[in-house]
Amino acid sequence: MRVPFVNEGATPVCRNIRTLHNFEPPATTDEVRAAALQYVRKVSGTAKPSQANEAAFARAVDAVTEVTRQLLDELVTTAPPKDREVEAAKARERAALRYGTR
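So this is what it looks like as structure tokens:
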């Protein structure tokens, strides 16, 4: 039986991890690493590891970065690449509708 994890009273440790595949221009190394860092933070439940866990945390970020880059390099699609600026504008529009404009 799986028990759900409850993170009561803790501050969020992860922003939304964004789609990196099929964009023009392609995802940068920094974007891939940032996504890997967010993933490791989410999985570990901590935004900053203790000194005892720093090395394991850093190795995990490196490994996830490497495998994510490999995945992005190997994925194949027939869909045309999305334009980052157009997608960002759509997201802003959705947010304005959802939360109202300020």
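Be aware that the sequence shown starts at 1, since it is given in full-length UniProt numbering, and climbs by one per residue.
Quick reminder that beta carbons are idealized off the backbone N, C-alpha and C, glycines included.
Taking the beta carbon of residue i as the centre, do at least 16 other beta carbons fall within 10 Å, making it buried, or is it exposed?
i	result
Gly100	exposed
Val67	exposed
Val3	Note that Val3 scores a pLDDT of 49, beneath 50, so its modelled location is shaky; the value from the coordinates is reported in the next line. Classification for Val3: exposed.
Thr65	buried
Val76	exposed
Arg41	buried
Ala52	exposed
Ala89	exposed
Ala35	buried
Phe5	Any answer about Phe5 is weak, because its pLDDT of 48 lies below 50 and its placement is not dependable; what the coordinates show is given next. Phe5 is exposed by the Cβ-count criterion.
Assuming residue i and residue j are in contact, meaning their beta carbons sit under 8 Å apart, how far apart are those beta carbons, in whole angstroms?
i	j	result
Leu37	Val61	5 Å
Val32	Arg69	5 Å
Ala27	Leu71	That belief does not hold up - the Cβ atoms of Ala27 and Leu71 are roughly 11 Å apart, past 8 Å.
Taking 8 Å as the threshold (C-beta atoms), are residue j and residue i in contact?
i	j	result
Pro81	Phe23	yes
Tell me, please, which residues DSSP counts as bridged to residue i.
i	result
Lys82	Phe23
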